[in-house]
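First comes the structure, then the notes that go with it.
There are 2 protein chains.
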Amino acid sequence: MALKARALYDFNSENPGEISVKENEIVSLYSEQDIEGWLEGSNSKGERGLIPASYVEILKNDTAPTFNNNSTSGSRYANIPTGVTSPGFAAFSPPVPVQQQHGYQASQGSDEDWDEDWDDSSTVADEPGVVVGGNYQGDFDGNGPSTYRVSTSTSKSSNVQQAKSSATVSRNLNRFSTFVKSGGEAFVLGDAAGFVKDGDKICVVSGQYGPEWQENPYPFACTIDDPTKQTKFKGMKSYIAYKLTPTHTQTQVNRRYKHFDWLYARLVEKFPVISVPHIPEKQATGRFEEDFISKRRKGLIWWMNHMTSHPILSKCDVFQHFLTCNSTDEKSWKQGKRKAEKDEMVGANFFLTISTPSGPPLDLVEVESKIDGFKAFTKKMDDSVVQVNATTNEFARKQITGFKKEYQKVGQAFKGLGQAFELDQQTYSVGLNQAIAYTGEAYDAIGDYFAEQPRHDVDPLMDLLQLYQGHLANYPDIIHVQKGALTKVKESQKHVEEGKMDAPQADGVNERCNIISFATLAEIQHFHQVRVRDFKAQMQQYLTEQIGFFQKITGKLEEALQMYDNA
Amino acid sequence: MALKARALYDFNSENPGEISVKENEIVSLYSEQDIEGWLEGSNSKGERGLIPASYVEILKNDTAPTFNNNSTSGSRYANIPTGVTSPGFAAFSPPVPVQQQHGYQASQGSDEDWDEDWDDSSTVADEPGVVVGGNYQGDFDGNGPSTYRVSTSTSKSSNVQQAKSSATVSRNLNRFSTFVKSGGEAFVLGDAAGFVKDGDKICVVSGQYGPEWQENPYPFACTIDDPTKQTKFKGMKSYIAYKLTPTHTQTQVNRRYKHFDWLYARLVEKFPVISVPHIPEKQATGRFEEDFISKRRKGLIWWMNHMTSHPILSKCDVFQHFLTCNSTDEKSWKQGKRKAEKDEMVGANFFLTISTPSGPPLDLVEVESKIDGFKAFTKKMDDSVVQVNATTNEFARKQITGFKKEYQKVGQAFKGLGQAFELDQQTYSVGLNQAIAYTGEAYDAIGDYFAEQPRHDVDPLMDLLQLYQGHLANYPDIIHVQKGALTKVKESQKHVEEGKMDAPQADGVNERCNIISFATLAEIQHFHQVRVRDFKAQMQQYLTEQIGFFQKITGKLEEALQMYDNA
């Protein structure tokens, strides 16, 4: 505990695990190593907990500040489009260390890289060296199809793992940094600026249930047909292309997984309070090639369904470029790509494009209560999605292994009885022997039915759950952007009272927070609507499949029973 | 190996494990203790194996015969109704030690004992101190009904154990003694004698498939209604009485388990080559009283069904006395009881009552081939019945525990999802939330269906299997009686060639062996016919129950699906 640091600003803890410090307070640190921008230590009151790394400078033996040299006002926001001009607010927004920049920035290569990527990959999947494992393989006894539920064992690999990570909704160490990164802070502080074209306008309207995104007046859908292997350079290079056909153009385009990946990165960057559906996980190739491609396609269909259902995402330029640009016209593709990557209406500027319904601003207390309610909702939904996922996954595994085995053992036992009875040469027993043999086969078949069933009902359900786990993992960040804005409003009121800020400036903060609140509530409303739509459809499909399954079993047993009529 | 013995007669080994000895040959014995009438030792040729205990006298140090003093010709057959008059044949039929008399003799008490029994028992079941255990309790996890499949853990306890003991069909050390005990030997040797009344006549006829028992011209059935607690002596004594109503009298009589037990002992004693169905196992009382009584009743129904289906058993006096004697008329019951216990037409004399179809005698080679075929059949049927029993027992256990648990876990997961969704107060999601909650309940109910199902299909199947395991345990003895008779025929032919027997005497042996063969084949034919009838009916019932079960599940899921129509 020799490691000491000096607080550069006041920090008021807001969550369990955080500790408050005053400017110039000397704190003890357990380690110089930050955890996602936070340092562990104790303050002068002896309270132990987390302090934003950017709020302190570590005091080395020579007591000279050797850390956070770039954390002086102004320079430490270098990674944000606009500078911070209000030191009073900065105390609530520790900056993000540079190494924690958004993970998807890596996808934004140069055009040269892109061309390289486009042409140079001959693997079916786009990622090398990922170990393939089956979800059910825990105590897989070899009776089920070995290709079942292939997924990677790397980060975000299994649904359960992913769900667990998204289950930590209530404890997000990046609370502040999200607000900053997203541009939320810059926008609220009035530092976002850009020219908003009419086409960029995004409208929030007052709907039956509160703020809603204005519906896309030209709704469309997009099919994704079975992918095919494409070749280039006289067959020297090959890759898998998915055939996309949007209903509004009726023109098929070919897209590879990496194009989806690139698009996803653009969308995440552009829309700070919109939950962009996650694209299917990156997976390895291997001997399960067909299963893998089929599974990825299903994931992409779910993804596409959510994209085209979303009033804002469905209309945006980069998505339209992705859907409509001729796959073979590389020049026009590059132009659209460059334009998207140079889009100025991203992050903080996105909020500039939002127009709210006319009328009074939202009641902040009501907004906060709604957001808190939604936070509790996502937490509980996340828990139960994890539960349903784990349970149905285990249920599927049991059907593939145990259930199948039990029914087939019954089948074998009946077959054995039929064989024993065949030793009796009496003519009057021939019919019975055949009927018993058929009964044995029926139970054998029923065992197979059980093993085959999960791919018809559990798998689609799990695909849906996976998509929603992605959304649930997005929401903490979205909530934090809104919460950050609310905090700014409260602070501005305080500063006005203290005479540190004039009223018009505070009104501007209020107004801009109001925009963020409208957008967030509209997005939450959209989430609930598609959630109800999707889960209703999926539960209906699940039950319909289950009914068909038990009817198939009944049918098989009825066949067996009929055999005894002539026995 | 100091223990020596002298062979009293020639013995020619016929089965693996036996060794041959000549009269006066000195053999070494491993022990003075016989195993079911056999001694282990080695002959003068150094061959090791089994020798009938009654064929040797053990030579003690003083070389005086101190063992088998009663095994000299004439006196050693004291336990057989008639003396052995043909020493030449005796060599093939070692007598049975007295301690091995038929186990059911113990049931034949005096009238005083009977009255004592009749009046003095106040327990519900008739046997004390038997530990109760559940068939499925191996790794019973407490989810199933704890009263399930109660059975005793004593001898002949579990079906599997019983089946295993009956599975040792091919190696019966009592081969000879069964033949002797049953009276088969005495009859074949012409030593059975008695006055056969017309009413005692048992006819074997030539049927479509070979020898058959003549059908009972007055077939009847008998219902067993739910037993009631009866009291005597102003309520001081109580017992459980089963209400029997035979269709040919339409008069209800009350019978206790011990009456069934007494009757069973009479039947086994009387009919050497008829497979008397086993009565349900003796069981303990306990907190599962109702289940226990219900299970015993089901077993007695099966037993009764087989009794009334059998052309010979159904007609016999002791059974008719049991079915028709007024339960409250103790005097007339005692008379019938005494008469049955003094019946002379039992064992050897039973064969005197049999009349065979007119025409040529059976071809002995063909008979032997049929008997061998049936022996192989029973062996294989026994194996497969053990298998079906063990498999369905395990299948039932899995349904009660694992299957139930899996479906209810799915139900819980769906319920949890519905509860999470209820946190969202949107009016448009109420229907979905209710539908998901109902789906959860449906899977919960399906779990219960799985747990309840075995008592509707597996249990009746297992009851049938248990009855047949009893028959399969009877057949080795029946086969040995017939085989013993065949051996006598072969020996008589040899003795005629050797001039030790005259032709008319040998013809008599042939003729009497022919009667035993007719009876045995008639019994085998009857067995096949009821087997085909019973298994056909039971498999139909099983499948019908299974179909109903899966339809019930389907119905429940359809109800759940309909909930989404208004969601």
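Taken in sequence, the protein lines are chains A and B. Just so we're aligned, residue 1 is where the first sequence starts under the UniProt record's numbering, counting upward by one. Just so we're aligned, residue 1 is where the second sequence starts under the UniProt record's numbering, counting upward by one. For glycine and all other residues, C-beta sits at the position ideal for the given N, C-alpha and C.
Cβ neighbours of L352/A within its own chain (closer than 6 Å, five residues either side excluded): A192, G194, V196. Counting other Cβ atoms within 10 Å of its Cβ, N43/B reaches 16 or more and is therefore classed as buried. Remark: C-beta atoms of I524/B and A451/B do not approach each other more closely than 9 Å.
Closest option to S31/B, judged by alpha-carbon separation, among E25/B, A5/B, A420/B, S13/B: A5/B. By the beta-carbon neighbour count (other beta carbons within 10 angstroms, threshold 16), N326/B is exposed. R266/A sits close to E341/A, with the two beta carbons spaced by under 9 Å.
In the structure shown, N24/A falls within a coil segment according to DSSP collapsed to helix, strand and coil. The alpha-carbon separation between K315/B and Y443/A amounts to approximately 42 Å. Closer than 8 Å at the C-beta level to chain A, one finds these residues of the segment 550 to 562 of chain B: F550, Q551, I553, T554, L557, E558, A560, L561. Around F11/B, the same chain offers S20, V21, I51, P52, Y55, A91 as residues with beta carbons nearer than 7 Å, after the five sequence neighbours per side are excluded.
Residue pairing by DSSP places V204/A opposite W213/A in a beta bridge.
CA-CA distance, D363/B to F518/B, rounds to 11 Å.
Between the alpha carbons of D34/B and P476/B lies a gap of roughly 21 Å.
Any Cβ of chain A closer than 9 Å to the Cβ of I478/B would place that residue at the interface, and such an atom is absent. Any Cβ of chain A closer than 9 Å to the Cβ of I371/B would place that residue at the interface, and such an atom is absent.
Taking the beta carbon of H528/A as reference, the chain B residues within 9 Å of it are D424, Q426, Y428, S429, listed in sequence order. By the CB criterion at 9 Å, V481/A and P272/A fall inside the cutoff.
Taking CB atoms only, Y475/A has no neighbour in chain B less than 9 Å away.
Against chain B, a Cβ distance below 8 Å from G470/A picks out nothing, because the smallest value is about 17 Å. Annotation: Cβ neighbours of G402/B in chain A (cutoff 9 Å, chain order): K398, G402, F403, E406. Around the beta carbon of T392/A, a 10 Å sphere encloses 16 or more other beta carbons of the protein chains shown; the residue is thus reported as buried. Counting every other CB atom within 10 Å of its CB across the protein chains shown gives V458/B a total of 16 or more, marking it as buried. No beta strand (DSSP E) of 3 residues or more sits fully in the segment 342 to 393 of chain B.
Residue state for Q230/A is assigned as strand, using DSSP reduced to three classes.
In this structure, V367/A places its C-beta atom within 9 Å of the C-beta atom of L486/A.
Distance between Y242/B and Q540/B, taken at the CA atoms: about 28 Å. Just measuring C-alpha positions, the residue of L313/A, A376/A, M563/A sitting nearest Q214/A is L313/A. I524/A carries a helical assignment under DSSP once its states are collapsed to helix, strand and coil. For G49/A, not one C-beta of chain B is nearer than 9 Å to its own C-beta.
Any Cβ of chain B closer than 9 Å to the Cβ of M381/A would place that residue at the interface, and such an atom is present.
Shown here, A567/A sits in coil according to DSSP, grouped into three states, outside any helix or strand.
With distances taken between CA atoms, H321/B lies nearest to L244/B out of A437/B, L244/B, V365/B. Uninterrupted beta strand (DSSP E) stretches at least 3 residues long and entirely within the segment 396 to 472 of chain B do not occur. Within the same chain, I312, L313, E523 come within 7 Å of I274/A by CB-CB distance, once the 5 residues on both sides are set aside. Under a criterion of Cβ atoms nearer than 8 Å, the residues of chain A adjacent to Q546/B are, in order, L557. For L59/B, the three-state secondary structure derived from DSSP is strand.
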